[in-house]
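These protein sequences, in sequence, are chains W and X.
Every letter in the first sequence is one number past the one before it in my numbering, and letter 422, counting from 1, is 411.
The number in my numbering is simply the position in the second sequence, starting from 1, with 139 added.
The structure appears below as structure tokens.
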Amino acid sequence: MSTAEHTEPEQAGDPGTPEEEPTFITDADIDPYAGMAAVEAPKDAKPLLTVDNLRMYFPVKSTGLVHRTVGQVQAVDGVSFEVVEGGSLGLVGESGCGKSTTGRLITRLLTPTGGSIMFEGKDIAQISSGDLKPLRREIQMIFQDPYTSLNPRHTVGSIIGAPLRIHKIIPEKQVLGRVKELLEIVGLNPEHYNRFPNEFSGGQRQRIGIARALTLNPKLLVADEPVSALDVSIQAQVVNLLQGIQKEFGVAFLFIAHDLAIVRHFCPEVAVMYLGKIVEIGDRDSIYLGAHHPYTQALLSAVPDVKQASIGGRRERIRLTGDVPSPINPPSGCRFRTRCPIAQEICAKVEPPLLQIGPKHKVACHFPGEIGHHPKEPATASLLGLDSEGNADAAGAVTNHDRLSHPGYMTEWYDLDTKSFARD
Amino acid sequence: MSSSATTTEERPAASSAGDPLLVVKDLKVHFPSSDGVVKAVDGLSYSVARGQTLGIVGESGSGKSVSSSAIMGLFHGSNAQLSGNIFLDGTDILTLEENDLRKLRGRDVAMIFQDPLSALHPYYTVGAQIIEAYRVHQDVSKKAARRRAIELLDRVGIPQPDRRVDDYPHQFSGGMRQRAMIAMGLVNDPSMLIADEPTTALDVTVQAQILDLLQDLQREFNSAIIIITHDLGVVAEMTDDTLVMYGGRAVEYGKTSEILTHPEMPYTWGLLSSVPDVTGDTSAKLIPIPGNPPSLLNPPSGCHFHPRCTFRDKVAGDLCRTTTPELVPGSRGSSHLKRCHLPDPESIYQAEVLPEIAPDLVEATDAMESAAPVAPAEAGGSAEPSAASAPIEAKEQG
């Protein structure tokens, strides 16, 4: 029933009217112990969320009497992507790359410095806090730490029921019934509504957090490291629960995690972030089997693999030297160049655009290619009107920049073999 | 796999290159509490040789950290009740007095803790903390100790060690702090290094750097390492032996290549099936272990794992609930110990667990089976698992 609701975005686009008959997730049949493969969104699904050139700069204040702004932490700097209805996009990257900040911007816990966040056709990037309230029904968040994200002095019933009371969706008398339903959906005993969070284990608490996020039938769930604080055997239970919810109710997910294997399991689409920018985005196979960015390749090669047990020793991997540079003063040009094994002169001068190189694959690198097959000449130079050192080339024709900055995927892409724009 | 097929038959449980440096025998750590005795570790035995690495895996509360803290003698003077033996190079640590323990800690055994931010003192510089650890055990001048600290920071890959030595922990990044912890642990060239979740708080690229570092240092100093982790990938890539713990007991113990490719205990299957694989089949399912880890105050009767075990019905009668299985060699030789009543775990694993969690591996095994003459018996769940699985093993090694 809730999937039916999701196919009517016109109605949902006006969520501020509480008179409309509340429709709720009820008849859930989710078995958290049944494993399943990732849920794929239908091919023709419309974009639910379109993020374009999103930026978040945190000011750095000087110490002393007058707190002047002396710099900016460029936590998120020009991020663009799309999440389709019922789809799920994984956001991976090392700590400090801006993936959590991106999640917080989309839930509007933070107000972005620039860029747009189109949710169901409406730009929510700069809307006022009054207008935010109906939005909160549509976008909900699941937090990383189940120990700090639940108020220890409130019972589970009041935690899960709070959204219903705040938005005054159903009469007070019905709240408890709804809370029990939700507890059942997430696999907890509905009679435990009167207990406090400390009476539950970590995995159970995370389920409570998920139930709270589901209370208002959101269309988009931002899950920020939802399982990384949990034990291995419990992680799988929660991942399966989230997949069950997605399958049953068609909720779209923005799944933020640093565990590449979990993201691969959960998300048909994955974006890799480095120092506030997306360096590569694409469908699962493009990223995990055919990564073209040296950072993605290094990241994937660093994951220890259980299958290595039968061979013994360590897996071959690309060694990255040094630490991630400071986002206050990021490197010029390509931000990864200071640690990149294939960086050349052009990388320091010009920032590589996020270029679409496949039907569902974009990469931000001047020398995109599979491991060991990176091109000698920058693939992007001719598109940007540059010579191979990155200097402006008078003769070079500048390509239509729309092609390089579209947040979603276009039907035409730059083919690396033929060096021209092509389509299937 | 470099070892020949015969070694798996003859070697004892711990594959030892020479005499074991650390031998833990029937270790019990019990904490009396107002609700009763918490049996955090209940009869644990293992050994580690010089130059070898042991991986201890298990969920939180399985006793893996407590057992290693006991090796450091950290329960001395607390109300914990310890019994059994911990022999380090022949000396029983449990019989030592506090003074002797102090001499041992940091010099012979060193520990790297999980969270370097809380394990390093925020008020002292990184250098001061390393110098202190050095001067406790060595009679050297402050200047010489400082030189040593800089040398080690350089060794673990801290840039500009002569400057960074005077930095405070908060000025280091997470990976650098972990390196500083390792430097501190190694300052006295300990023969035994215990790393308690050394990379859990770190990103994969930093994790890989730290693991590289541990391996290099092990090669250099020929020390024995115990890695406590829940990441089976780390275990697979780093360790020689694996010990799986559940509810304060060892449930499976043997060579890593053996445990992770032919696990015989349903809990190990559960661990393997509940982590997705970054290279495996995308249609592979995650099958979590139902329920929650057991309470160590009132552990389940019989096999501690039985309330969460999905294969209990394959054991005749009520054995799992009533009788604690012994940690004994299974069907795959004396190098592979398991604590389980299941009569023929290998065929159940091949027939029921592997197809769910790694369909691509099954195809590979099928191909091997069809190449091996005794294969059909194995596929049909025969009563001779050892005979049937032997060719597979030989095939893999070949």
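The C-beta atom is built at its ideal place from N, Cα and C for all residues, glycine as well.
Computed from a prediction, not measured in an experiment: that's the story for all the values here.
Residue from the options with nearest C-alpha to residue i
i: SER434 of chain X; options: X:ALA283, X:LEU166, X:PRO159, X:GLY175; result: X:GLY175
i: VAL163 of chain X; options: X:ARG294, X:ASP181, X:PRO427, X:VAL177; result: X:ASP181
i: PRO364 of chain W; options: W:CYS329, W:ASP406, W:GLY379; result: W:ASP406
i: ASN42 of chain W; options: W:LYS35, W:LEU78, W:MET107; result: W:MET107
i: ALA225 of chain W; options: W:PHE255, W:GLU237, W:CYS336; result: W:PHE255
i: GLY104 of chain W; options: W:LEU121, W:SER84, W:ARG44; result: W:ARG44
i: ILE225 of chain X; options: X:LEU160, X:ASN218, X:GLY430, X:ALA375; result: X:LEU160
i: LEU78 of chain W; options: W:ALA337, W:GLN61, W:ARG97, W:GLU269; result: W:GLU269
i: ALA219 of chain X; options: X:LEU227, X:GLU403, X:SER208, X:LEU256; result: X:SER208
i: ARG308 of chain W; options: W:ALA381, W:ALA291, W:ILE159; result: W:ALA291
i: LEU209 of chain W; options: W:LYS408, W:SER394, W:LEU37; result: W:LEU37
i: LEU289 of chain W; options: W:PRO123, W:TYR277, W:LEU171, W:VAL65; result: W:TYR277
i: GLY441 of chain X; options: X:VAL454, X:PRO429, X:GLY430; result: X:VAL454
i: ALA87 of chain W; options: W:GLN235, W:ARG194, W:HIS247; result: For the record, residue 87 of chain W in the displayed sequence is Gly; it is not Ala. Checking every option, the nearest Cα to that of GLY87 of chain W belongs to W:HIS247.
i: ASN206 of chain W; options: W:GLN235, W:SER222, W:VAL216; result: W:GLN235
i: THR137 of chain W; options: W:ASN187, W:VAL68, W:ALA298; result: W:ASN187
i: PRO432 of chain X; options: X:HIS443, X:ASP301, X:THR462, X:ARG287; result: X:HIS443
i: LEU203 of chain W; options: W:VAL216, W:GLY233, W:ASN318; result: W:GLY233
i: ILE346 of chain W; options: W:THR369, W:ALA332, W:ARG324; result: W:THR369
i: PRO101 of chain W; options: W:ILE116, W:LYS111, W:VAL55, W:GLU109; result: W:ILE116
i: GLY322 of chain W; options: W:LYS266, W:SER371, W:GLY271, W:GLU359; result: W:LYS266
Integer Cβ distance of residue i from residue j, believed to fall under 8 Å
i: THR339 of chain X; j: ILE349 of chain X; result: Not really, about 11 Å apart at Cβ, beyond 8 Å.
i: SER330 of chain X; j: ALA363 of chain X; result: 7 Å
i: GLY386 of chain X; j: PRO427 of chain X; result: About 18 Å; that fails the 8 Å criterion.
i: ARG167 of chain W; j: LEU177 of chain W; result: In fact, because the Cβ distance is near 14 Å, the residues do not count as touching under 8 Å.
i: LEU219 of chain W; j: GLY198 of chain W; result: Between GLY198 of chain W and LEU219 of chain W the Cβ distance is about 11 Å, and since that is not below 8 Å, they are no contact.
i: VAL168 of chain X; j: VAL205 of chain X; result: 5 Å
i: ARG241 of chain X; j: MET211 of chain X; result: About 11 Å; that fails the 8 Å criterion.
i: GLU485 of chain X; j: SER470 of chain X; result: 6 Å
i: ILE251 of chain W; j: VAL227 of chain W; result: In fact, because the Cβ distance is near 10 Å, the residues do not count as touching under 8 Å.
i: THR90 of chain W; j: ALA64 of chain W; result: 4 Å
i: LEU341 of chain X; j: GLY314 of chain X; result: 6 Å
i: VAL221 of chain W; j: VAL414 of chain X; result: 6 Å
i: VAL59 of chain W; j: PHE47 of chain W; result: Contact flag wrong, Cβ pair sits at about 12 Å.
i: GLY397 of chain W; j: GLU71 of chain W; result: 4 Å
For residue i, the residue or residues it bridges with in DSSP
i: PHE410 of chain W; result: W:TYR403
i: ASP213 of chain W; result: W:ILE245
i: ASN224 of chain X; result: X:LYS164
i: GLY347 of chain W; result: W:HIS350
i: ILE131 of chain W; result: W:ALA212
i: GLY271 of chain W; result: W:VAL259, W:HIS350
i: LEU183 of chain X; result: X:LEU166
i: GLN317 of chain X; result: The partner list for GLN317 of chain X (beta bridge, DSSP) is empty, contrary to what the question assumes.
i: GLN63 of chain W; result: W:TYR46
Cβ contact check for the region 352 to 368 of chain X and the region 386 to 400 of chain X: 3 or more pairs under 8 Å
no
Mind listing which residues of the region 414 to 437 of chain X have their C-beta closer than 8 Å to chain W's C-betas, in chain order?
VAL414, PRO415, ASP416, VAL417, THR418, GLY419, THR421, SER422, ALA423, LYS424, LEU425, ILE426, PRO427, ILE428, PRO429, ASN431, PRO432
Taking one C-beta from the region 238 to 248 of chain W and one from the region 437 to 454 of chain X each time, how about it: are there three or more such pairs within less than 8 Å?
no
If we count Cβ pairs, one from each stretch, closer than 8 Å, do we get three or more for the region 373 to 387 of chain X versus the region 322 to 336 of chain W?
no
Against chain W: residues of the region 335 to 362 of chain X by CB proximity under 8 Å:
ASP342, VAL343, THR344, VAL345, GLN346, ALA347, GLN348, LEU350, ASP351, GLN354
Any C-beta of chain W within less than 8 Å: which residues of the region 389 to 405 of chain X qualify?
THR395, SER396, ILE398, LEU399, THR400
What residues from the region 361 to 378 of chain X come within 8 Å of chain W, judged by C-beta to C-beta, listed N to C?
HIS369, ASP370, LEU371, GLY372, VAL373, VAL374, ALA375, GLU376, MET377
So if I threshold CB-CB distances at 7 Å, which residues from the region 73 to 107 of chain W count as touching chain X?
GLU83, SER84
Given 8 Å as the limit, is there contact between the region 115 to 129 of chain W and the region 90 to 99 of chain W, that is, 3 or more CB pairs closer than that?
yes
Anything in the region 303 to 317 of chain X with a Cβ closer than 8 Å to a Cβ of chain W? List those residues in chain order, please.
SER312, GLY313, GLY314, MET315
At least 3 beta-carbon pairs within less than 8 Å: the region 257 to 268 of chain W vs the region 280 to 294 of chain W:
yes
So, do the region 191 to 205 of chain X and the region 366 to 376 of chain X have three or more beta carbon pairs nearer to each other than 8 Å?
yes
For the region 169 to 203 of chain X, which residues have a beta carbon sitting closer than 7 Å to at least one beta carbon of chain W?
GLU198, SER199
Quick one: any contact between the region 331 to 342 of chain W and the region 361 to 376 of chain W, if contact means 3 or more CB pairs under 8 Å?
yes
I want to know whether the region 349 to 365 of chain W touches the region 270 to 281 of chain W - three or more CB-CB distances under 8 Å.
yes
Contact between the region 226 to 234 of chain X and the region 281 to 297 of chain X is defined here as three or more beta-carbon pairs at a separation below 8 Å; is this criterion met?
no
Can you pull out the residues from the region 293 to 305 of chain W whose beta carbon lies closer than 9 Å to at least one beta carbon of chain X?
PRO293, ASP294, VAL295, LYS296, GLN297, ALA298, SER299, ILE300, GLY301, GLY302, ARG303, ARG304
Below 8 Å between beta carbons is the criterion; list the residues of the region 197 to 226 of chain W that meet it against any residue of chain X, in chain order.
ASP220, VAL221, SER222, ILE223, GLN224, ALA225, GLN226
Quick one: any contact between the region 313 to 332 of chain X and the region 253 to 263 of chain X, if contact means 3 or more CB pairs under 8 Å?
yes
Short-range partners of chain X found in the region 256 to 276 of chain W, where Cβ spacing is below 7 Å:
ARG273
Which residues, in order along the region 254 to 267 of chain X, keep a beta-carbon less than 9 Å from a beta-carbon of chain W?
none
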